[in-house]
Amino acid sequence: MTSPEPMLRIARLSKRFGAFTALRDIELSIARGEFVCFLGPSGCGKTTLLRAIAGLDPQDEGVIELAGRDVSRAPPAERDFGIVFQSYALFPNLTIGDNIAYGLVNRGRPRAEIDRRVEELLALVGLPEQRRKYPVQLSGGQQQRVALARALATSPGLLLLDEPLSALDARVRIRLRDEIRGLQKRLGVTTIMVTHDQEEALAMADRIVVMNHGVIEQIGAPEEIYRQPATPFVADFVGHMTFLDAVSTGPRGVRIGGLELHVRETNAPAGAPVRLAMRPEEVRTRDLVEGEANVFRGRVGALAFLGAFCRARVEPVQSPGAAITADFSANAMRDLAIATGQERLFGLSEATLRVFPARAEPAAS
Amino acid sequence: MSAAAPVATRAGPVPSGPGARASTEARIGAALVWLLGAVLTLIIAAPLWMLLSKSVQSVDGAFVGLANFAVYATTPTLVAALLNSLFVASLSTAIVVPLAFVYAYALQRSCVPGKGVLYAAALLPIFAPSLLSALALVYVFGNQGFLKGALFGASLYGPVGIVIAESLYAFPHALLILTTALALADGRLYEAAEAMGTTRARIFRTVTLPGARYGLISAVFVVFTIVITDFGIPKVIGGQYAVLATDAYKQVVGQQNFPMGAVVGLLLLVPAVLAFFVDRSVRSRQVALLSARAVPYVAKPRRARDLAFGVAAYVIGAMIVATYTVAVWASFIKYWPYNLSLTLANYDFASFDASGWSPYFNSLKMAAASAVIGATFVFFGAYLIEKLKLAPFGRAFAQFLAMLPMAVPGLVLGLGYVFFYNATWNPLGVFYGSLAVLVVNTVAHFYTVAHITATTALGQIDPEFESVAASLKVPFWRHARRVTAPICLPAILDIGVYMFVNALTTVSAVIFLYGSESKLASIAIVHLDEAGAIASAAAMGAIVMATAIAVKLAHLAIDRALLGRLQAWRRR
Ligand SMILES: Nc1ncnc2c1ncn2[C@@H]1O[C@H](COP(=O)(O)OP(=O)(O)O)[C@@H](O)[C@H]1O
Ligand SMILES: [Mg+2]
């Protein structure tokens, strides 16, 4: 995916606000045409990083290269990007057409050419015939499309989106999500989108940069982030995760109370405390044979009906204190007649179990 | 969008503009910030500095330390004026603030009918020069007044007249502060108190008064400052009763004793500076008083309260309107009080004073220039300070100077201007006495309120607009003209009208600064009154007031049009 010369390269970037360190030692490289999401809880520094890339709030230390050019100290106008904000930031006194043409007029292009370009962009974002309206006359979703068209008008090399969907209704948000992704693919414009919504990031991104407290926790494709979270924070923040206190029993095993489980690998010596992490949807309960590795008897506790699936609390018989969260599809619930108080077999495949050092506290998501 | 037209946009790096341009933009921005600081230094800081330095110099300019202050403190006539000033200012404050509180309470916390009329009546004095209220009193309680007996033999000319006239003049200023203070109330507190069966008197004491406390403190300082620094009223109605403001005038214009004038000016600065700091701390606390979740208090009809406050407010409002009506009426009277038939003769100013109507037109010119120049300059100054992130030190400096005039009474600033423009080393001295100096002085005098108006309007604009403009490589001056200024047009208009009305009515700052070619209407009133042509003085005052009100009404109409037809984008 990474071509010899990345579109954007960031090295050793740090930013402080007074005594508070908002970004620390950020290293990141983004290839041409890539769609990258900055994902993390609110206040973790996503916007700060985006604004540093844009040159709107320059970093204190570090290098930013755009298309091989060092722009670390360049003002925004000398970089090459378009930007879209959560608030749309459309100029209320200009028509939709004039908003989109705002950056074009400045370049002294002939009027007819600008008009043509505006029509083209309006069609591109699915808002033809709207150019004479004012922003207040459009819905939030339409306004955000206009903001997108305005940002794309000058064909920037880099498109920056700061929580562009967060102000919209759930339904509009999902539609616009697909539209933005489709548009980005067709135009091939390198895009960075900031979001705190993990679902959005998983659905849209080629790669996700997970951030927390001003540092990058992990960079990877959505599936990689989901299946192989590098840190307890990522494991907890992306998707659901059950954490259990456990003890290492060797290079490939852990013990929770009386329950022994096989795992891919632990870096901890035998006897060391660790944390075992598992996804609720990876807990199996069909076609299991007692006595096989990672199969155990457990008691079904409280059940929560969540529409397409049920979330259950499962306590292993050999380790009554440990509560495992397990999701079962509506199908499974019906076929197997799962009910509270039942005792049945459960299984965990070793590939889906992650072991983390015991010290690191997973942050609440 | 998914069904959109063929792919039209080609992604890829577009060569960004010539490398120098953006940094040129930053350099121009920083230069403008510093230029703003320099201009503000010239029109605000330098005159004040001259005032300070004059107060520690002898008449011939030698440094004498605090000798002038010692002379002041040991000259009985000067000290008497200080005590007189403190007396009338305290008394006026004691009268105005309670009355304004009652009035504000009627407007904000009762269901008195006709609030718009009450509001307009109370604001009337803002549109007239301060001395018009004094002229009206002369007609009512003066030597030939029809209610002369109501003073029980006391003379109007002296503290009595000053206090009444100042009370009328300062009333709207106190009212504006107190209506704001009473507007901020959490309805939930009242509901909670009532639910607990608290008596009305106790609710007033424990909820209403604490909520308005800061407003009351602020009003006390503002009224005290207005009264103690006002020149027009004591000049017209003070008789032999010397106060600080008239003393400053006598020292500087009469005796050319600049150092002693500077000492008086500094004394006048004290309450204003105090008021400034009190107001600042009060503002910050008043904001914290109301949480974001507060539900605004809405008065429910209650007969006894509405009747009591209604009567009080209408009586006060009627007195204010009556005062100005008398002044206007008297300006049309042939020979008060003996021949009450109507005439326009008093408006033939040329027959009373050689300058004729020219002061009025000078005032119009000066006010129009102050409005246009003031609104433009203040707005772009505020834009530089508020929206550009350049030259942080220069911005802080300019911001400080912009807030300074709030703490400087017009009379004091006027004194500073006299000293500054009279200084032999100052090449700008050639402008002394010109209309240009009057315009600059007026803009500087009313800078702070205008600056706050502009800053507030700018602060309400999405801060990301500048980021978008920067990303689209649109330089800030173009962005300010195309987007920011049109959005802020109502605020710019507000500033212009504020400058215009104040330029028209101000006396105390310009009394030191006018020249033979630039005499203003408000100064003509003083001269006509001195010459004994009181009816003509009232006529000039009436014309000024009519003009100010007309401009304000035009402003309201334009404002409505802006929200409607002229700026269609504001409509949903
Ligand atoms: N201008 C600023 N001054 C001080 N602190 C700031 C400023 N901007 C952001 N911060 C702080 O930096 C941290 C990261 O902010 P931000 O990048 O906006 O977070 P987010 O990930 O939600 O976009 C937050 O703790 C925020 O309070
Ligand atoms: Mg953010």
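Protein sequence lines, in the order shown, are assigned to chains A and B. With the working numbering, letter number 110 in the first sequence gets 133, and the count goes up by one each step, no holes. With the working numbering, letter number 133 in the second sequence gets 136, and the count goes up by one each step, no holes. Don't be surprised by glycine CBs; every beta carbon is placed ideally from N, CA and C. Here the structure is a predicted model, which is why all the values come from computation and not from measurement.
| Query | Result |
| --- | --- |
| Does DSSP classify B:D465 as helix, strand or coil? | coil |
| Measuring only from the beta carbon, is A:D229 closer than 8 Å to any heavy atom that is part of ligand 2? | no |
| Any idea if B:G397 is buried or exposed, counting beta-carbon neighbours within 10 angstroms, 16 or more meaning buried? | buried |
| Tell me, please, which residues DSSP counts as bridged to A:N122. | According to DSSP, which records beta bridges pairwise, A:N122 is partnered with nothing at all. |
| Should the segment 266-273 of chain A be regarded as contacting the segment 289-305 of chain A, the criterion being three or more beta carbon pairs within less than 8 Å? | yes |
| Does DSSP put B:T211 in a helix, a strand or coil? | helix |
| Any chance the CB of A:D80 is under 8 Å from a heavy atom of ligand 1? | yes |
| Taking only beta-carbon atoms, is B:S158 less than 9 Å away from chain A? | no |
| Might you give, ordered along the chain, the residues of its own chain that have their beta carbon closer than 6 Å to the beta carbon of B:L192, omitting 5 neighbours on each side? | V210 |
| May I ask you to report which of helix, strand or coil DSSP gives A:I197? | helix |
| With 16 as the cutoff for other CB atoms within 10 Å, does B:Y341 come out buried or exposed? | exposed |
| Does the beta carbon of A:A45 fall short of 8 Å from some heavy atom of ligand 1? | yes |
| Looking at chain A, which residues of the segment 484-499 of chain B have a Cβ within less than 7 Å of any of its Cβ atoms? | V486, P489 and I490 |
| Mind checking if A:L284 is an interface residue toward chain B, Cβ cutoff 9 Å exclusive? | no |
| Who are the Cβ neighbours of B:A557 in its own chain at under 7 Å, not counting the five residues just before and after it? | none |
| Assuming the contact rule is C-beta atoms closer than 8 Å, A:M227 and A:L62 should be a hit. Round their C-beta distance to whole Å, please. | Between A:L62 and A:M227 the Cβ distance is about 10 Å, and since that is not below 8 Å, they are no contact. |
| Tell me which residue opens and which closes the beta strand (DSSP E) that B:Y338 is part of. | I336 to Y338 |
| So, is B:R306 buried or exposed, given that buried needs 16 or more other C-beta atoms within 10 angstroms? | exposed |
| Name the residues in the segment 175-189 of chain A whose C-beta lies less than 9 Å from a C-beta of chain B; which are they? | L175, A176, T177, S178, P179, G180, L181, L182, L183 and D185 |
| Distance check for B:T96 and B:K151, CA to CA, integer angstroms please. | 24 Å |
| B:A608 and B:I498 look like a contact to me (Cβ under 8 Å); what is the Cβ gap, rounded to whole Å? | Residue coverage of chain B in this structure runs from 4 to 575, which leaves residue 608 of chain B outside it and unanswerable. |
| Buried or exposed: A:L117, going by 16 or more other Cβ atoms within 10 Å of its Cβ? | buried |
| Taking 8 Å as the line, does the beta carbon of A:D358 fall inside it for any heavy atom of ligand 2? | no |
| Taking 9 Å as the CB-CB limit, is B:V223 close to chain A? | no |
| State the Cα-Cα distance for the pair B:A25 and A:V261, rounded to the nearest angstrom. | Low per-residue confidence applies at B:A25: pLDDT is 46, beneath 50, and the placement is therefore not dependable, though the value from the model is reported in the following sentence. Near 41 Å, if we compare the C-alpha coordinates of A:V261 and B:A25. |
| Could you spell out where the alpha helix (DSSP H) holding B:S26 opens and where it closes? | G22 to L43 |
| Given this structure, state the Cα-to-Cα distance separating B:V36 from A:F104, to the nearest angstrom. | 27 Å |
| Can you pull out the residues from the segment 383-412 of chain B whose beta carbon lies closer than 7 Å to at least one beta carbon of chain A? | none |
| Given a threshold of 16 other Cβ atoms within 10 Å of its Cβ, counted over all protein chains shown, does A:D259 qualify as buried or as exposed? | buried |
| Return yes when the Cβ of B:L441 is within less than 9 Å of the Cβ of B:L523, no when it is not. | yes |
| If you run the structure through DSSP and keep just helix, strand and coil, what is B:G313? | helix |
| Just checking: is the beta-carbon of A:R35 within a distance shorter than 9 Å of some beta-carbon in chain B? | no |
| Any beta carbon from chain A within less than 9 Å of B:W578's own beta carbon? | Lying outside 4 to 575, the shown extent of chain B, residue 578 of chain B is not represented and no answer is given. |
| How many whole angstroms separate the CB atoms of A:N129 and B:L393, which I take to be in contact at a CB cut-off of 8 Å? | That pair is no contact at about 20 Å. |
| Suppose only complete runs of 4+ residues qualify. What are the alpha helix (DSSP H) ranges in the segment 170-246 of chain A, listed by chain order? | 193-210 and 221-227 |
| Could you work out which residue in B:V82, B:L134, B:Y501 and B:M406 is closest to B:F280 when comparing CA atoms only? | B:M406 |
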